[in-house]
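This report concerns only the one structure given below.
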Amino acid sequence: MTWNYLAVAELIYFVGTMDCGKSTLALQTDHNHASRGRSGVVFTKFDRAGESVLSSRLGLEVPAIEVSDELNLRRFVVDRLSNGHRIDYLICDEAQFYSPEQIEHIAQLVDDLGIDVFAFGILTDFRTRLFPGSARLLELADRVQYLQVEALCWCGNRALHNARTVDGEMTTEGDQVLVGDVSSSSETSYEVLCRRHYRARLTKHKSNTAHISGNPLPFDER
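Mapped onto the working numbering, the consecutive letters of the sequence shown carry residue numbers 4 to 225.
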């Protein structure tokens with residue numbers, strides 16, 4: 004008896020902190036599949052380079068479909084297929100910002116239409132709370148893969164948390180979604196920290212200030 008094994012489509016979620024190369028991997032994944040003759044669609048939301056583009060900090064970028072709050076991802080893909088386009092896979096960058104319903108849409112595309120979905124994002128916000136999109140992906144994904152390229156805290160240890168900073172000081176106040184970057188020099192930006200320094204609210208700026216002033220570092224001993 005001869006068995007015919009057919010490749011089964013998957014929903015894979017690649018996760019990591021900011022500054023660990025998620026968008027670079029998304030671009031590489033798109034390139035790898037396209038170079039093998041597969042046809043894909045790239046989605047993103049709130050990319051650092053602006054609307055309708057997927058970019059990496061290495062300077063690479065490709066056009067992308069901006070995922071608005073109103074976009075029905077399933078309908079978008081079905082409409083394209085109905086118009087004669089071939090779609091073998093989807094790249095979904097910044098997936099933490101998608102709504103739970105939009106995550107369900109891409110899971111349906113995997114199961115019902117056999118389209119591979121490669122999603123990329125971060126799990127938790129600046130308060131260490133799960134993004135709704137990431138929470139739904141953890142519940143539905145066939146596989147969750149943590150990126151092996153580790154972002155580093157200013158102390159050199161593995162960074163686990165995305166801290167929001169205002170003028171170099173960490174804050175846990177404000178809206179969950181506020182677009183920024185770890186390389187930004189604006190008033191409000193982000194910094195990746197290890198758990199120890201996140202708990203102590205000790206950013207690189209605050210550490211430098213403490214060393215210069217001669218004051219003891221403000222570690223929480225509780």
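We put the CB at the ideal spot given by N, CA and C, even for glycine.
Cβ neighbours of residue i in the same chain (closer than 6 Å, five flanking residues each side left out)
i: Arg146; result: Ile15
i: Lys207; result: Trp157
i: Ile68; result: Phe46
i: Met173; result: Ala166, Arg204 and Thr206
i: Ser210; result: none
Within 7 Å, strictly: CB atoms of residue i and residue j
i: Thr27; j: Ala154; result: no
i: Phe49; j: Glu97; result: yes
i: Arg41; j: Tyr101; result: no
i: Val113; j: Ala12; result: yes
Assigned secondary structure, residue i (DSSP; H/G/I helix, E/B strand, else coil)
i: Ile15; result: strand
i: Arg89; result: coil
i: Leu74; result: coil
i: Glu142; result: helix
i: Thr174; result: strand
i: Val80; result: helix
i: Thr206; result: coil
i: Arg51; result: coil
i: Asp22; result: coil
Identified DSSP bridge partners for residue i
i: Gln148; result: Phe17
i: Pro66; result: Val56
i: Arg122; result: In the sequence as presented, Arg is not what sits at residue 122; that position holds Ala. In DSSP, Ala122 forms a bridge with Tyr16 and Cys95.
i: Arg161; result: Leu155
i: Leu133; result: Thr127
Enclosing beta strand (DSSP E) for residue i [first to last residue]
i: Leu196; result: Thr191 to Leu196
i: Glu104; result: Unbroken run through Glu104 is the alpha helix (DSSP H), Pro103 to Leu116; no beta strand (DSSP E).
The alpha helix (DSSP H) enclosing residue i, as first and last residue numbers
i: Gly43; result: Run containing Gly43: none in the alpha helix (DSSP H); it sits in the beta strand (DSSP E), Gly43 to Thr47.
i: Arg167; result: Where Arg167 is concerned, there is no enclosing alpha helix (DSSP H), although the beta strand (DSSP E) it sits in stretches over His164 to Val169.
i: Leu30; result: Lys25 to Ser38
Same chain only: Cβ atoms within 8 Å of residue i, ignoring 5 sequence neighbours per side
i: Arg83; result: Val44 and Ile90
i: Asn35; result: none
i: Ile125; result: Val18, Gly19, Thr20, Met21, Lys25, Gln99, Phe134, Ser137 and Asn165
i: Val56; result: Thr47, Asp50, Glu64, Val65, Pro66 and Ala67
Cβ-based neighbour list, residue i, same chain, cut-off 7 Å, excluding 5 preceding and 5 following
i: Glu194; result: Ala166, Thr168, Val185, Thr206 and Lys207
i: Ala140; result: Before going on, a small fix: residue 140 reads as Leu here, not Ala. Closer than 7 Å at Cβ, skipping near neighbours: Tyr16, Ala98, Ile106 and Ala122.
i: Ala144; result: Leu14, Ile15 and Tyr16
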